[in-house]
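Student:
Residue numbers (the numbering used here): -3 to 277.
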């Protein structure tokens, strides 16, 4: 039995214009990373706009319990500096002008009116960015399903097409010792992440994802939280049936790529940019 697919002769509607000052994403050009900007200043603004949007998305998704968690993006001109949120500003209210530029030695060198640094953000992210030059962005939070899964002390299994994205691409850090306030603990986390992994489960703590673009790092966090939720539900319902190793490995290459994460982020960016234009202030 054949199935006829519906087609339309109507011209495609253009994407709605972004708010004034927003740097658009170039679509359909096959970028495996963020489209190149002409200057360091333009690239910096591009990254900061998406960082502010990412915090707002984390707020929408409920990843902002008590303001815990942090997303960072490396500065394009000074790679030993990263941009991060100030402590005490709600994720759902972060603006571009609120973001702080922090050196790997912990100095706040630029930012808005509020310049309070989350010590855990510095202790973890400064070391991660130093240890992994390929990492442009990292995301961590205390989201519900991620921290619930982390309490099991296990890697995620490839039980769905989506969770296969993390097959052989994430690791487990078992040494929970309280709030991370010292870079020595950050060094242990960076070591557990390893030289190529895209994520690490922090036992009794939560999830942390990294990528060569901010877009992919944030998408990976969203996808990993979803994978943790799916496996918790599946194991509560019965016996899971993991995908065979060879198929899981194939699917990981299909679902877990950097470019896939970059493009998966774009619809969320479009929505938040249109609905909350004050983030560009």
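Note that CB positions come from ideal geometry on N, CA and C, so glycine has one too.
Going by DSSP in three states, residue 79 sits in which element: helix, strand or coil?
Tutor: What you label residue 79 is simply residue 83 of the chain shown in a count that begins at 1. Three-state DSSP puts residue 79 in a strand.
Student: Whether or not the region 31 to 46 and the region 177 to 194 are in contact is what I'm after, with contact meaning three or more pairs of Cβ atoms, one per stretch, closer than 8 Å; do they touch?
Tutor: Not touching, per the Cβ criterion.
Student: Do the region 132 to 142 and the region 188 to 207 make contact, defined as three or more Cβ pairs closer than 8 Å?
Tutor: The region 132 to 142 is in contact with the region 188 to 207.
Student: Closer than 6 Å by C-beta to residue 135: which residues in its own chain qualify, once you throw out the five before and the five after it? Chain order, please.
Tutor: By 1-based counting over the chain shown, the position of residue 135 is 139. Result list for residue 135: 67, 205, 213, 214 and 217, in chain order.
Student: Quick check for students: name the residue ranges of the beta strand (DSSP E) that lie wholly in the region 61 to 109, counting only runs of 3 or more.
Tutor: DSSP runs (the beta strand (DSSP E)) wholly in the region 61 to 109: 65 to 70, 77 to 80, 96 to 99 and 104 to 106.
Student: By the three-class DSSP mapping on this structure, what secondary structure does residue 136 have?
Tutor: As a working note, residue 136 is residue 140 in the chain shown. Strand.
Student: Going straight from the alpha carbon of residue 189 to that of residue 164, what length do you get?
Tutor: As a first step, residue 189 is located in the chain shown; it is residue number 193 there, counting from the start. As a first step, residue 164 is located in the chain shown; it is residue number 168 there, counting from the start. Spanning the two alpha carbons is a distance of roughly 12 Å.
Student: In its own chain, which residues sit with a C-beta less than 6 Å from the C-beta of residue 243, not counting the 5 before and 5 after it?
Tutor: Taking the chain shown and counting its residues from 1, the one referred to as residue 243 is at position 247. So no residue of the chain qualifies.
Student: Measure how close the beta-carbons of residue 83 and residue 62 come, nearest whole angstrom, since I'm counting them as under 8 Å.
Tutor: By 1-based counting over the chain shown, the position of residue 83 is 87. By 1-based counting over the chain shown, the position of residue 62 is 66. Not confirmed; about 11 Å, so no contact.
Student: By how many angstroms is the C-alpha of residue 32 removed from the C-alpha of residue 43?
Tutor: Taking the chain shown and counting its residues from 1, one reaches residue 43 at position 47. Taking the chain shown and counting its residues from 1, one reaches residue 32 at position 36. C-alpha separation (whole angstroms): 11 Å.
Student: So what's residue 4 in DSSP terms, helix, strand or just coil?
Tutor: On the chain shown, position 8 is the one that residue 4 refers to. At residue 4 the pLDDT is 47, less than 50, meaning the model places this residue with poor confidence and gives no usable figure here.
Student: Figure out for me which residue from 107, 85, 122 and 276 has the closest Cα to the Cα of residue 70.
Tutor: Counting from one through the chain shown, the residue named residue 70 turns up at place 74. For the residues 107, 85, 122 and 276, the minimum Cα distance to residue 70 belongs to 122.
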